[in-house]
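Step one of this worksheet: look at the structure below.
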């Protein structure tokens, strides 16, 4: 054992204080990043990759059809109207698909929203690629204004065959107060 | 009082309030911890009485739902951080130096400080009740975003309180570890230490490891609330589930922090009244260490329903079930200690046997809860409430009560009233079971916890529960009376051992224990190893 002080009590105290400080730091520098990495890698919580996917030419698998369901939810207290233009799409793996979500700000003042995606089943996360998504950015809307929020996605050809339906859910949050602050958005 | 056998530089306690404010004496500080924890036990108990009064009948009778939430939150916080934890720290202060033959704790001034920051903190926590928006109401587990986005302004005071409580616990633990590692009398090797010292040493390591994690969690809450970060806010890229992982990474070791010293107490008392050495001392030490290790890898069994991958659920399920093995070793060792012993049933022994029976029931319901697929039914129901009260109250509080009856005559040189003690036990035992046993049934039938109202079919069991709670609460007044009557006017005892079966260094000093003990280290009799 390394002795940090000639006095054994001081030695014990220095070591234990170091442990306590290290555990405090552990929460911030290990637990939080590790949790985020694990969620990304394993697709836990249906979190999708925050970056746009660069399409690779792989051809369309016309032999399969996958049902994509869209769900739009407003977080508590969010006054916007928010809904998918169509709730169900049937797509072929490998094909590029476009859809839009409809949003309207009924309030008199301008607001900023952030949509947070979640995919179910979570196993499908790594096979669902978004080449363009309104969720990549915060969405400002003037009072009374409406917008069509675009989404472009590709379902991977390697999607496990037992997955026939993927549900993509967006929850929209009011981030007007946070807007402009440098926050990591997905 | 005072140890007169050498020198005039030794003296008894100072006079007046200064004795308590500036004391560095482990016995004084232990006494203050014990009284503070009893005051908090009464305060937390009052909150429980309000909860049970509201739940006496279905419908909203006495309090508003928001206030009910504040009661459940404060009841949990005050009982865990105010009653149980400080009571065992007080016991550690009183007993560890006397059990290992040390003159005092290793860091007496820090000891004073770690106590004296507590009373103002609890005063501040209780004062949140009178603040605008009321006290914290997110439950003692204060899950984000309920405790961040949706919390009242008092959450900032709450966060400060948790920081200070953590600081106090860490200082207390460092003190205990430094004392046990450096101040043992010559010949008092680790494997000769009484089990109470062993369980506290391991508990102190748990505290040093996880209290900073709790501090980290509330620091993140503070930053989310006031400084615009988004650790737990989905809108800003954070995740509320992250809070639960961090909280329970602290929270599961925390439940062993509460119960391990209780195991230590029971391991001292059962041999004394069985007049046999503790069965399987070595296995007790290893079992305690195993439980401490396992406590770090089972936290997510508190959150099976958040949507974990199946592999995660299976891992946490099996790891949790594994804890039953060392815990079972302990229970069997206690039973084996009693086997063919010359048993007698004084009050401390009654509380220990009550502990043994009821804690085992709590352990079994814990095993039921560990089964991930069935936990989805039990989760957040009264079954969980029943489970953790069987381990917290019949576990920690019963053993603490046993400890007070067992060592109080040694501390103050007066014997408590045995009839009153036994009456206290039986009223407690009946009141406790009447309160919490029916909660298993309403929980399995689907009654959710932390709800001020309930469906009509739960009415009878809830009324039984409430009556039991009032009985249990009232029995603590009898306890308080018995303790005060003992200190003031109990029958004097002068026998060093007090109990004929008691073994250990603390029973080798005069009764009542002098203000200063073991200023010269005692000789360790090898025959009395780890008694």
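Protein chains in written order, with the working numbering: chain A, -8 to 177; chain B, 78 to 608.
Note that the Cβ used here is the ideal one computed from N, Cα and C, for glycine as well.
For residue 260(B) against residue 183(B), the beta-carbon gap comes to about 5 Å, under 8 Å, which counts as contact.
Distance from the CA atom of residue 111(B) to the CA atom of residue 277(B), rounded to whole angstroms, is 16 Å. Under the three-state reduction of DSSP output, residue 166(A) falls in the coil class, being neither helix nor strand.
Taking the Cα of residue 542(B) as reference, the smallest distance to any Cα among 576(B), 507(B), 559(B) is reached at 507(B).
Short of 7 Å from the beta carbon of residue 447(B), and not among the five residues preceding or following it, lie these beta carbons of its own chain, in chain order: 378, 394, 397, 398.
DSSP, reduced to helix, strand and coil, places residue 588(B) outside both helices and strands of the structure shown, so it counts as coil.
Secondary structure at residue 577(B): coil, using DSSP grouped into helix, strand and coil.
The Cβ of residue 441(B) sits no closer than 8 Å to any Cβ of chain A. Judged by pairs of C-beta atoms under 8 Å, the region 432 to 451 of chain B touches the region 460 to 468 of chain B, as three or more such pairs exist. Looking at the backbone, the Cα of residue 103(B) and that of residue 600(B) are separated by about 21 Å. Rounded to whole angstroms, the gap between the alpha carbons of residue 338(B) and residue 433(B) is 14 Å.
Rounded to the nearest whole angstrom, the C-alpha separation of residue 159(B) and residue 112(A) is 44 Å. Using a Cβ-Cβ distance cut-off of 8 Å, the region 102 to 119 of chain A and the region 146 to 163 of chain A are in contact, since at least three pairs of beta carbons, one from each stretch, lie closer than that value. Residues of the same chain with a CB within less than 6 Å of the CB of residue 499(B), apart from the 5 flanking positions on each side, are 424 in chain order. Taking a 10 Å sphere around the C-beta of residue 561(B), we find fewer than 16 other C-beta atoms and assign the residue as exposed. Annotated three-state conformation of residue 138(A) is strand, per DSSP. Among the residues facing chain A, residue 262(B) is not included, as its CB has no counterpart in that chain under 8 Å away. Under the 10 Å beta carbon count, residue 443(B) is surrounded by 16 or more other beta carbons and is classified as buried. Nearest to residue 162(A) by alpha-carbon distance, out of 12(A), 74(A), 50(A), 6(A), is 74(A).
For residue 35(A), the closest Cβ of chain B is nearer than 8 Å. Contact check for residue 492(B) and residue 567(B): beta-carbon distance about 5 Å, within the 8 Å limit, so the pair qualifies. Across the region 293 to 305 of chain B, CB contacts with chain A closer than 9 Å involve 293, 294, 296, 297, 305, in sequence order along the chain.
Remark: C-beta atoms of residue 222(B) and residue 310(B) approach each other more closely than 8 Å. Checking the DSSP bridge columns, you'll see residue 65(A) partnered with 163(A). In terms of beta-carbon proximity, residue 313(B) lines the interface with chain A, with at least one pair separated by less than 8 Å.
Neighbourhood of residue 308(B) in chain A, by CB distance below 8 Å: 23, in chain order. Here the C-alpha atom of residue 387(B) lies approximately 55 Å from the C-alpha atom of residue 99(B). For residue 290(B), the neighbours in chain A by C-beta distance under 9 Å run, in chain order, 14, 15, 17, 18, 22. Taking all protein chains in view, the Cβ of residue 59(A) is crowded by 16 or more other Cβ atoms within 10 Å, so the residue is classified as buried. Between the alpha carbons of residue 143(A) and residue 366(B) lies a gap of roughly 55 Å. For residue 130(B), same chain residues with a beta-carbon under 8 Å away, outside a window of 5 residues either side, are 138, 139, 543 in chain order. At least one CB of chain B lies nearer than 8 Å to the CB of residue 10(A). Among the CB atoms of chain B, none fall inside 8 Å of the CB of residue 156(A). Taking a beta-carbon distance threshold of 8 Å, residue 150(A) does not count as an interface residue toward chain B. Beta bridge pairing from DSSP links residue 75(A) with 92(A). Taking C-alpha positions only, residue 125(A) is separated from residue 94(A) by approximately 11 Å.
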